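Undergrad: Chains as they are written, first to last, in numbering that gives the first Met the number 0: chain C, 0 to 126; chain P, 0 to 139. For every residue, glycine included, the Cβ atom is placed at its ideal position computed from N, Cα and C. These figures come from a predicted structure and were not determined experimentally. I am attaching a structure below and will ask some questions about it afterwards.
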Amino acid sequence: MKLLANPFGIHEQALPLRNQRLELISSNIANADTPHFKARDLDFKKVLSGVNPSPMASTHHRHFGTGEVESPNAILFRIPYNTSVDGNTVEMDVEQAKYGEAASQYQATLQFLENRISGIRKSLRGD
Amino acid sequence: MLKNIFEIAGTALNAQTIRMNTTASNLANASSVSPTEEEAFRAKRPIFRALVEQADLNQGFDTLGGVKVKEVVDSTEPVRKVLDPGNPEANEDGYVFLSNVNEVTEMIEMVAASRSFQNNVEVVTTARQLMMRTLEIAKA
């Protein structure tokens, strides 16, 4: 039975990631007034594909490093549009927009899962 | 889990409440007087810190990513010294020491705390809706 081998496809893995992104953004909003806090976000595409782009290699001993920080979970710091005096990079309007975006993406993934479930149900019932 | 979002937003609601409390205390004591400079009321400020270290998990916080009030510090602004010989609190030279509370700053703090609180309530509301939809997934 191919139908029930992988019933939910990619969406099964996508849902926890969507959730993790929501968590990160809610953490940004929670720390909107924390001095020196740096806002973070998840590179969804990178995590889901499971591929980290290869960092620039230093092939000579006099090469400088690129300063790229290896982030295994693809959690990246957000680049703020404006600077703030206390070193906080949370911009509330940006975070609110991203939170709304992430919430609707979560709902989209849920909808895909619901469609799969109702599809399987329909085929099992056979009516 | 979506549960973590509730906890993260919960720590923020708690921190903003403490901030609102200190503001209320500052405003209430804005016109307190005392006979010495040391005893004069000084405005209180909460210091926020992000919950990022594993050590925070042992201090009653279940999830990393939230915020906590590290400490409440006294404002270092100078206190005002006013000549008021009729005041029963006046020292031998006739001076009383007022608090260093700046009412305008406190009002701003209050509005900022209130807005941050509202933002986090909104986060909880959205997370709750998503959770309810997730629970209903099997009804499809």
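(1) Can you look up Leu-75 (chain C) in the DSSP assignment and give me helix, strand or coil?
(2) Throw me the rounded Cβ distance for the Pro-34 (chain C) and Phe-47 (chain P) pair, which I believe falls under 8 Å.
(3) What residues in its chain sit with their C-beta under 7 Å from that of Thr-82 (chain C), if we drop five residues either side in the sequence?
(4) With Ala-160 (chain C) as the anchor, note down where its alpha helix (DSSP H) starts and where it stops.
(5) Can you name the residues of chain C whose CB is closer than 9 Å to the CB of Phe-47 (chain P)?
(6) Hey, quick one: how far does the alpha helix (DSSP H) through Ile-7 (chain P) stretch, first residue to last?
(7) Which of the three DSSP states, helix, strand or coil, is assigned to Arg-61 (chain C)?
(8) Using a C-beta to C-beta distance shorter than 8 Å, which residues of chain P count as neighbours of Gln-106 (chain C)?
(9) Check each residue of the segment 71-99 of chain C: if its Cβ is closer than 9 Å to any Cβ of chain P, include it; give the result in chain order.
(10) Check whether the Cβ atoms of Val-93 (chain C) and Ala-31 (chain C) sit closer than 8 Å, and answer yes or no.
(11) Ile-28 (chain C) by DSSP, collapsed to three states: which one?
(12) What does Ala-102 (chain C) reach in chain P if we use C-beta pairs closer than 9 Å?
(13) Using a Cβ-Cβ cutoff of less than 7 Å, which residues in the same chain neighbour Glu-6 (chain P) once the five nearest sequence positions on both sides are dropped?
(14) Answer yes or no: do Thr-10 (chain P) and Lys-80 (chain P) have a C-beta to C-beta separation smaller than 8 Å?
(15) If you run the structure through DSSP and keep just helix, strand and coil, what is Ser-83 (chain C)?
(16) Of all the CB atoms in chain P, is at least one closer than 8 Å to the CB of Ser-25 (chain C)?
(17) What does DSSP give as the partner residue(s) for Arg-44 (chain P) in the beta ladder?
(18) Let me see if you follow: with CB-CB separation under 8 Å, is Gly-64 (chain P) close to chain C or not?
(19) Taking Cβ positions, are Ala-29 (chain P) and Val-122 (chain P) nearer each other than 8 Å?
(20) Which chain P residues are close to Leu-112 (chain C), counting only those with a beta carbon under 7 Å from its beta carbon?
(21) Got a sec: which bits of the segment 93-118 of chain P sit with their beta carbon under 9 Å from any beta carbon on chain C, in order along the chain?
(22) How about Gly-66 (chain C): is its C-beta nearer than 8 Å to some C-beta of chain P?
(23) Whose CA, out of P:Glu-105, P:Thr-75, P:Phe-116 and P:Tyr-94, lies closest to the CA of Ser-24 (chain P)?
(24) So which residues on chain B does Ala-8 (chain P) lean against when the C-beta distance must stay under 7 Å?
(25) Using a Cβ-Cβ distance cut-off of 8 Å, determine whether Leu-47 (chain C) contacts chain P.
(26) Rounded to a whole number of angstroms, what is the C-alpha to C-alpha distance between Glu-76 (chain P) and His-60 (chain C)?
(27) Using a C-beta to C-beta distance shorter than 7 Å, which residues of chain C count as neighbours of Asn-3 (chain P)?
TA: Result, derived from the coordinates:
(1) strand
(2) 7 Å
(3) none
(4) Examination of residue 160 (chain C) is not possible in this model, given that chain C is present from 0 through 126 alone.
(5) Asn-30, Asp-32, Thr-33, Pro-34 and Phe-36
(6) 1-27
(7) coil
(8) Leu-129 and Arg-132
(9) Met-91, Glu-94, Gln-95, Tyr-98 and Gly-99
(10) no
(11) helix
(12) Thr-125, Ala-126, Gln-128 and Leu-129
(13) Asp-61, Thr-62 and Gly-65
(14) no
(15) coil
(16) yes
(17) P:Val-72
(18) yes
(19) no
(20) Ile-136
(21) Ala-111, Ala-112, Arg-114, Ser-115 and Asn-118
(22) Confidence is the limiting factor: at Gly-66 (chain C) the pLDDT is only 44, short of 50, which leaves the residue's position unreliable, though a coordinate-based value still follows. Taking Cβ atoms only, chain P never reaches closer than 8 Å to Gly-66 (chain C), which makes this a no.
(23) P:Glu-105
(24) Any reference to chain B falls outside this structure, whose protein chains are C and P.
(25) no
(26) 53 Å
(27) Glu-22
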